[in-house]
Structure formats: structure tokens, C-alpha cells
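> Those letters in the sequence shown? Residues -25 to -1, 1 to 386, by mature numbering (1 follows the signal peptide of the UniProt record, and there is no 0).
The beta-carbon is built from N, C-alpha and C at its ideal position, and this holds for glycine as well.
Remember, predicted model here, so these are calculated numbers, not experimental data.
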Amino acid sequence: AASPPSPLWALPEELLLLICSYLDAQALGRLAQVCRRLRFLSSRDVLWRRIARGCLNSGQAQREGWSVRPCPHLQNSVQAAGIPVKERVKVSQNWRHGRCRRETVLKWKCKQVPSFSSSFLMPWMELDGEYLYLSQAENIQAYHLCAEGIGLQRHPQAIFSGHQEDVCRFVLVNSHIVSGGGDGSIVLHKIHGSYSVKFSAHEQEVNCVDFQGGLIVSGSRDRTAKVWSLSAGRVGQCLHTVQTEDRVWSIAISPLLSSFVTGTACCGHTSPLRIWDLESGQLLTCLGTDFHRGAGVLDVFYETPSLLLSCGYDTYIRYWDIRTSTRKCVQEWEEPHDSALYCIRSDKNHMIASGSSYYGVVRLWDKRQTRCLQSFHLSSPTSSPVYCLRFSTTHLYAALASALHVLDFTA
């Protein structure tokens, strides 16, 4: 005679899920081996989300009640949408332990550049779903990512031009590309269409740009930051000019669209990190008091309206919480080999990725630890900075002087 059904199955599914919610990842894995029904139950996303929030780069990017909206600076929330949370937790262990497959997916000829301040400019990129956008000389090229995720299609699907000199940096927001160039101009392209606008913005190269809420902010070597309108009838109109009294190397708009931060060369007597009101252009606050001369800020990144990451020539990653203090950062991590840090990104949870100035070194950091978690040397034996990096929940892309490298953490 058939054995009677287990009393376990008489319980409502909601109660079963509540019981299973007390299990850790290892116990859930063992439970999945009991039978098909428990395997299905133990694989439910609702059970793994709590575990994922404690993992690195699992796509669970929500902090302190601030829901993070998808943006081109962080593609986790977009690309992770179709991946079960359980699988993301498994891939997260590869990030933690540095298990990945490396490949050089694109190479190009480059000019040798002595430093960040050279007139020769460096590659920049953005991820947007199935496409990677990469600046090469005066153009921005869109490459389709292969289905396996490790490579790119050989030829670009689209090329966006308009600058007379090299593209310095660009951002991709709401199907629009906004770029700043060495010719002092800003160019706006609509990705799906032929619409484009170009206007003269600065007397010298536009080192950095950001674009949110119908406004562009730009920073230049001419020691100014400017706010530009993109509203109908006012496209390219300068709303404010901020005299920074120093070369501007990085810029970012707050997610609340109320202010923006500038990172400067730190050649004067003011903090290289300053926050300005977006509506009036007035200085709101300076971040930090102990920067040394020449400790320029090369990259800034907002995680939430109050949490900000910065890095630069002083070899430190700094984590700022402007609600608690503007005089001192709440956390900092030093680059182990005393190299300048050219770029940073975070998963808006626990992981930070940084790009160093020598030998293409990419480092992964866990905010809960004081030391570097993993490091990858991508340009040995020749030396090159990591000018830009971007990552999804499964892959990390790093742009060096003459090549684009990818780390595949699904391997």
C-alpha cells in the first residue's frame, strides 16, 4: 500500500515558505535534494532574496528605504531581472573568490599617454542591456554583446560622431548619449533615431558630463562647471556657470536632482570635492578637510542621495555619508600598491570595483572588510591604467589604453 502523504504538505504554501525562510543557503541546498516538490519550493526567489542581500553583486540593490532605479551606471537591476535569485547567489560566490574566465574582446591602436592630464584622451564606456558603448577617438561605438556574454560582435552596430577631437567622457540615460569632447563641445545623440544636437560648452576640453532630469552638468579643464538646459526651446542654453578655480575631472548629479558634485584637481586651497545646488549653482558644502595638494578626484559615484563614493590620485576610495558629516568620510580603503585610482563603481550594496593606474589592476572590495578582496592584473607585462570599468551581475568590463577586457564570473 502507498505510504500516506506527509503532514508537511497539509500546510499552506505561505507557512512552508515562512519555515524555509529560517534556513541558510547550505540548508536550502540540502532541502532541494529531498524531492522534486521541495526542490521547487526551496528555489523560490522569495527565500533567496534575504540571502542575496548579504552577498556581493547579487542585484539586490536597495538600501535604507531608497529604491534604486535602473540606470546606465549600474546594469545589475536590468540584467539580473531574468536570472533566478538562487543563481545570482551562486555567481556571487565566484565574485567573492575571484573565480572567472578572462578574455580580451577588443583591441585598438593607441597613443602613448604620460598622465591623466595629457591632451590625449582615454576610452570610456557604458553598459545598456545587450549593448556596450565604447568611446574610441572622436566616436562612440555601440557593440552588441554575444548571447554567451563573454564577447562582442566584431563590428559595431552603430557609430555616434560629432566631436572634432577625442571624446573625454559620456553618459547614457533614457536612450540618449551625452558626450563631452576635447574640442570643448557637448553632443547629444538619441540612440534610436537620427536626432543629435551639438553646442560649444567650454573654452577647453570637457573632461566630464552627467545628464538627468532634462539637465546636463559638465566640468572642464577651463576651471568651470556648467549646467545646461535640454527643455524645448532652450536646448544648449547655459543656466549656470560655476567658477571652481580648479580643473574639473569628475562630476555627478544627485539622484534627487537637487544638487551635483564636482571632483577637481586639488591644486588650490579648497577641497577637491564640492556639492553645488543644481537650481541656483551656489556652493552647498565641501567634503573633507585633509586632502593633500595634488590629490585630485578622478571619479565620483552616487549610491543614494546621501551616500557617495570618490577616488583619485591620493590612492584612497572614500565613502561619504553627507547626513552624518561633510568633514570626514565614514569609510576609506587604500590601494595596496599606492597607485592612483582612475575609476570606481559599486553594486549599491556591499561590493566596490576599482581601476588602478598601473598594469591594468582591477580590484574588488567588500565594504564590510578593510582590505582588498580580489585583484586582477589585466595588462601585464606592459603597464596601462584602467580608464573605465562597468559590471553586470555576471561580467566585468575594463577599458585599458589599447584593449577591452572582460571577466566572466559565470565560469
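Excluding the 5 residues flanking Ser136 on each side, which residues of the same chain have their C-beta closer than 6 Å to its C-beta?
Looking up residue 136 in the sequence shown gives position 161. For Ser136, the CB contacts under 6 Å within the same chain, skipping 5 residues up- and downstream, are Asn114 in chain order.
> How close, in whole Å, do the beta carbons of Leu205 and Gly189 come, if the pair is a contact with beta carbons under 8 Å?
As a working mapping, residue 205 is identified with position 230 in the sequence shown. As a working mapping, residue 189 is identified with position 214 in the sequence shown. Their Cβ separation, rounded to whole angstroms, is 5 Å, which keeps Leu205 and Gly189 in contact under 8 Å.
> Report yes if the CB atom of Leu382 is closer than 8 Å to the CB atom of Cys75, and no otherwise.
For the purposes of this step, residue 382 is taken as the residue at position 407 of the sequence shown. For the purposes of this step, residue 75 is taken as the residue at position 100 of the sequence shown. In contact: Leu382 and Cys75 (Cβ atoms closer than 8 Å).
> Secondary structure at Lys173, three-state DSSP: helix, strand or coil?
As a working mapping, residue 173 is identified with position 198 in the sequence shown. The answer is strand: DSSP assigns Lys173 an E or B state.
> Over what stretch of residues does the beta strand (DSSP E) that includes Asp341 continue unbroken?
For the purposes of this step, residue 341 is taken as residue 366 along the sequence shown, with counting starting at 1. 336 to 341 is the extent of the beta strand (DSSP E) around Asp341.
> Determine contact between the segment 297 to 304 and the segment 313 to 325, defined as no fewer than three beta-carbon pairs at a distance below 8 Å.
With contact defined as three or more Cβ pairs closer than 8 Å, the segment 297 to 304 and the segment 313 to 325 are not in contact.
> 8 Å is my cut-off, CB to CB: does Gly73 come that close to chain B?
Looking at the structure shown, chain B is missing, and only one protein chain is on hand.
> Would you identify the three-state DSSP class for Glu(-13), choosing helix, strand or coil?
Indexing the sequence shown from 1 puts residue -13 at position 13. Glu(-13): helix per DSSP, three-state reduction.
> By DSSP, does Gln306 sit in helix, in strand, or in coil?
Here residue 306 refers to the residue found at position 331 when the sequence shown is read from its first residue. Of the three classes helix, strand and coil, the one that applies to Gln306 here is strand, per DSSP.
> I'd like the list of long-range same chain contacts for Arg63, defined as Cβ closer than 7 Å, with 5 residues on each side in sequence excluded.
Walking along the sequence shown from the start, residue 63 turns up at place 88. Cβ neighbours of Arg63 beyond the five flanking positions: Ala27, Ser33, Gly34, Ala55, Thr368.
> Pull the bridge partners of Gln116 from the DSSP assignment, please.
Taking the sequence shown and counting its residues from 1, one reaches residue 116 at position 141. Answer by DSSP bridge pairing, in chain order: Leu109, Ile134.
> Using C-beta distances below 8 Å, list every residue in its chain close to Ser331, excluding the 5 sequence neighbours before and after it, in chain order.
Here residue 331 corresponds to residue number 356 of the sequence shown, with the count starting at 1. The beta carbon of Ser331 sits closer than 8 Å to the beta carbons of Glu310, His312, Ser314, Ala315, Leu316, Tyr317, Val337, Arg338, Pro360, Val361 from its chain, once the five residues preceding and following it are set aside; these are given in chain order.
> Please give the ranges of any beta strand (DSSP E) in the segment 265 to 301, keeping only runs that are unbroken, at least 3 residues long and fully inside the region.
272 to 277, 282 to 287, 291 to 296
> Hey, how far is the Cα of Leu107 from the Cα of Leu(-18)?
Walking along the sequence shown from the start, residue 107 turns up at place 132. Walking along the sequence shown from the start, residue -18 turns up at place 8. Approximately 49 Å between the Cα atoms of the pair.
> Which residues does DSSP list as the beta-bridge partners of Tyr372?
Numbered from 1 along the sequence shown, position 397 holds the residue referred to as residue 372. Partner(s): Arg365, Val381.
> Do Trp308 and Trp340 have their C-beta atoms within less than 8 Å of each other?
Position 333 of the sequence shown, counting from 1, holds the residue named residue 308. Position 365 of the sequence shown, counting from 1, holds the residue named residue 340. Cβ atoms of Trp308 and Trp340: closer than 8 Å.
> Alpha carbons only, please: which of Tyr288, Val217, Ser229, Gly269 is nearest the one belonging to Glu278?
On the sequence shown, residue 278 is found 303 positions in, with the first residue counted as 1. When each option's Cα is compared against that of Glu278, the closest is Ser229.
> For Trp70, is the classification buried or exposed, using 16 other Cβ atoms within 10 angstroms of its Cβ as the cut-off for buried?
By 1-based counting over the sequence shown, the position of residue 70 is 95. By the 10 Å Cβ count, Trp70 comes out buried.
> At the level of alpha carbons, what is the spacing between Val272 and Leu6?
Here the question's residue 272 lines up with position 297 in the sequence shown. Here the question's residue 6 lines up with position 31 in the sequence shown. Roughly 49 Å between the two C-alpha positions.
> With 16 as the cutoff for other CB atoms within 10 Å, does Leu(-15) come out buried or exposed?
As a position in the sequence shown, residue -15 is number 11, starting the count at 1. With fewer than 16 Cβ atoms within 10 Å of its Cβ, Leu(-15) is classed as exposed.
> Taking only the alpha-carbon atoms, compute the straight-line gap between His130 and Gly194 and give it to the nearest angstrom.
Walking along the sequence shown from the start, residue 130 turns up at place 155. Walking along the sequence shown from the start, residue 194 turns up at place 219. Near 32 Å, if we compare the C-alpha coordinates of Gly194 and His130.
> Express the C-alpha separation of Trp251 and Val236 in angstroms, rounding to a whole number.
Reading the sequence shown from its first residue, position 261 is the one you call residue 236. Reading the sequence shown from its first residue, position 276 is the one you call residue 251. Each residue's Cα considered, the two are about 6 Å apart.
> Apart from the five residues just before and just after Leu371, which ones in its own chain have a Cβ nearer than 6 Å to its Cβ?
As a first step, residue 371 is located in the sequence shown; it is residue number 396 there, counting from the start. Same-chain partners within the cutoff: Leu382.
> Runs of 3 residues minimum, wholly inside the segment 181 to 233: which ones carry the beta strand (DSSP E) assignment?
181 to 187, 190 to 195, 199 to 204, 212 to 218, 223 to 228
> For the putative contact between Ala133 and Ala117, defined by C-beta atoms under 8 Å, what is the C-beta separation to the nearest angstrom?
Mapped onto the sequence shown, residue 133 falls at position 158. Mapped onto the sequence shown, residue 117 falls at position 142. Rounded, the Cβ-Cβ distance is 4 Å, consistent with contact.
> Less than 6 Å between C-beta atoms, sequence neighbours within five positions excluded: which residues of the same chain meet that for Val80?
For this step, residue 80 is matched to residue 105 along the sequence shown. Correct list, in chain order: Gly126, Leu127, Leu379, Val381.
> Using DSSP's beta-bridge definition, name the partner residues of Phe351.
As a working note, residue 351 is residue 376 in the sequence shown. Paired residue(s): Val337.
> Give the straight-line distance between the Cα atoms of Phe366 and Leu102, rounded to the nearest whole angstrom.
For the purposes of this step, residue 366 is identified with residue 391 of the sequence shown, where counting begins at 1. For the purposes of this step, residue 102 is identified with residue 127 of the sequence shown, where counting begins at 1. Each residue's Cα considered, the two are about 8 Å apart.
> Under the three-state reduction of DSSP, which class applies to His48: helix, strand or coil?
By 1-based counting over the sequence shown, the position of residue 48 is 73. Note on His48: pLDDT 43, under 50, position unreliable in the model; the coordinate value appears next. Of the three classes helix, strand and coil, the one that applies to His48 here is coil, per DSSP.
> Would DSSP call Gly4 helix, strand or coil?
On the sequence shown, residue 4 is found 29 positions in, with the first residue counted as 1. Helix, per DSSP.
> What does a CB cutoff of less than 8 Å around Thr199 pick up in its chain, not counting 5 residues either side in sequence?
Your numbering for residue 199 matches position 224 in the sequence shown. Cβ neighbours of Thr199 beyond the five flanking positions: His177, Thr216, Val217, Gln218, Thr219, Val223.
> Going by DSSP, what residue range makes up the alpha helix (DSSP H) through Ser17?
Taking the sequence shown and counting its residues from 1, one reaches residue 17 at position 42. From DSSP, the alpha helix (DSSP H) with Ser17 extends over 11 to 17.
> Once the 5 residues before and after Gln179 are set aside, which same chain residues still bring their CB inside 8 Å of it?
For this step, residue 179 is matched to residue 204 along the sequence shown. Around Gln179: Gly159, Ser195, Arg196, Asp197.
> Count the other CB atoms within 10 Å of the CB of Gln187; is the residue buried (16 or more) or exposed (fewer)?
Stepping through the sequence shown from its first residue, residue 187 is reached at position 212. Buried, by the Cβ-count rule.
> Excluding the 5 residues flanking Gln349 on each side, which residues of the same chain have their C-beta closer than 6 Å to its C-beta?
The residue you call residue 349 lines up with position 374 of the sequence shown. These residues qualify, in order along the chain: Gly73, Leu339.
> DSSP three-state label for Phe95, please.
Here the question's residue 95 lines up with position 120 in the sequence shown. Confidence is the limiting factor: at Phe95 the pLDDT is only 47, short of 50, which leaves the residue's position unreliable, though a coordinate-based value still follows. If DSSP states are grouped into helix, strand and coil, Phe95 belongs with coil.
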